[in-house]
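What follows is one structure encoded as structure tokens, with my remarks underneath.
If you want it as structure tokens, here you go:
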């Protein structure tokens with residue numbers, strides 16, 4: 001039996017639909033850009049060995065948070081309404097609403113795709129969660145981005161759809177990774193994460209945007225994810241006299 005699932009993918013600032021095809025069961029997933037090819041090969045039988053070694057488990061990836069901790073680099077999360085740090089925003093697509101801050105306590109901002117609420121088949125809604133961390137000293141962006149994919153790579157049964165380490169957000173270097181993982185409660189989930197490092201006012205900020213959805217909804221939310229990702233912007237905070245008030249992302253667009 002062949003199972004087809006659509007996974008969100010990021011290519012530069014764009015998000016496309018990538019089809020992942022698995023054979024025999026949902027537990028075995030393989031990605032292929034070419035049609036299957038059958039090749040007949042004649043191989044002489046090999047004698048059985050007394051003991052067959054089990055495949056070694058790969059070491060978990062070092063995450064960005066682990067790297068900062070191991071390097072003794074402190075970090076301070078920023079929240080919406082902060083008077084310091086950059087202004088980070090993205091446009092709010094149709095069918096999405098501002099997320100409850102109590103649901104996303106560590107987020108600078110969050111949005112929820114309420115359009116995908118199905119009463120007959122409930123499940124987690126698509127979410128876009130934006131976090132900002134101010135580091136306690138300046139750190140090279142390339143060094144930080146080396147560890148950007150670690151958190152996603154450590155997700156259960158994570159399989160990469162697209163991996164892009166050569167792009168920017170508002171001129172700042174960033175790393176984008178997308179793929180699919182298996183959630184213990186909800187099954188297959190599609191995820192896109194973009195990490196950017198911004199040097200502003202002699203300080204280093206790590207900006208992360210993660211969009212997560214059920215794999216069944218991935219194709220339907222592709223346009224919304226593209227809008228969120230492509231409109232993500234990081235700008236120095238204007239002085240109070242230049243900006244008397246701030247609205248939420250997407251307002252006044």
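Numbering (the UniProt record's numbering), first residue to last: 1 to 253.
The beta carbon of each residue, even a glycine, is placed where N, CA and C say it ideally should be.
So what does DSSP say about residue i, is it helix, strand or coil?
i           : result
residue 106 : coil
residue 254 : The structure shown has nothing for residue 254, since the chain only spans 1 to 253.
residue 216 : helix
residue 82  : coil
residue 77  : strand
residue 231 : coil
residue 23  : Note that residue 23 scores 34 on pLDDT, short of 50, meaning its location in the model is unreliable; the coordinates nonetheless yield the value given after this. Three-state DSSP puts residue 23 in a strand.
residue 207 : strand
residue 97  : strand
My guess is that residue i and residue j are in contact by the Cβ rule of under 8 Å, so how many angstroms apart are they, rounded?
i           : j           : result
residue 206 : residue 135 : 7 Å
residue 124 : residue 113 : Not a contact, Cβ separation roughly 10 Å.
residue 218 : residue 190 : 4 Å
residue 216 : residue 84  : Rounded, the Cβ-Cβ distance is 41 Å, inconsistent with contact.
residue 108 : residue 78  : 6 Å
residue 145 : residue 173 : 6 Å
Thinking C-beta only, is residue j closer than 8 Å to residue i?
i           : j           : result
residue 194 : residue 163 : no
residue 132 : residue 101 : no
residue 128 : residue 148 : no
residue 86  : residue 198 : yes
residue 196 : residue 234 : yes
residue 73  : residue 139 : yes
residue 90  : residue 231 : yes
residue 116 : residue 220 : yes
Over the uninterrupted beta strand (DSSP E) stretch that includes residue i, give me the two end residues.
i           : result
residue 174 : 172-183
residue 148 : Note, residue 148: premise wrong, no beta strand (DSSP E); not H, not E.
residue 130 : 127-135
residue 192 : 187-200
residue 114 : Element bounds for residue 114: n/a, residue is neither H nor E.
residue 162 : 159-169
residue 237 : No beta strand (DSSP E) holds residue 237; DSSP gives it neither H nor E.
residue 221 : Residue 221 -> no beta strand (DSSP E), and no H or E assigned at all.
residue 139 : Taken as a continuous stretch (DSSP letters only), residue 139 belongs to no beta strand (DSSP E), as it is neither H nor E.
residue 89  : 87-89
Return the first residue and the last residue of the alpha helix (DSSP H) that residue i is part of.
i          : result
residue 64 : 64-70
For a test of your reading of the model: does the CB of residue i fall under 7 Å from any non-hydrogen atom of the ligand HEM? Yes or no.
i           : result
residue 110 : As presented, the structure is devoid of all ligands, the ligand HEM included, so that no description of it is given.
Does the region 58-73 come close enough to the region 178-189 to have 3 or more Cβ pairs within less than 8 Å?
-> No, because fewer than three Cβ pairs between the region 58-73 and the region 178-189 fall closer than 8 Å, the two stretches do not touch.
Does the region 212-231 touch the region 80-98, meaning 3 or more C-beta pairs lie closer than 8 Å?
-> The region 80-98 vs the region 212-231: in contact.
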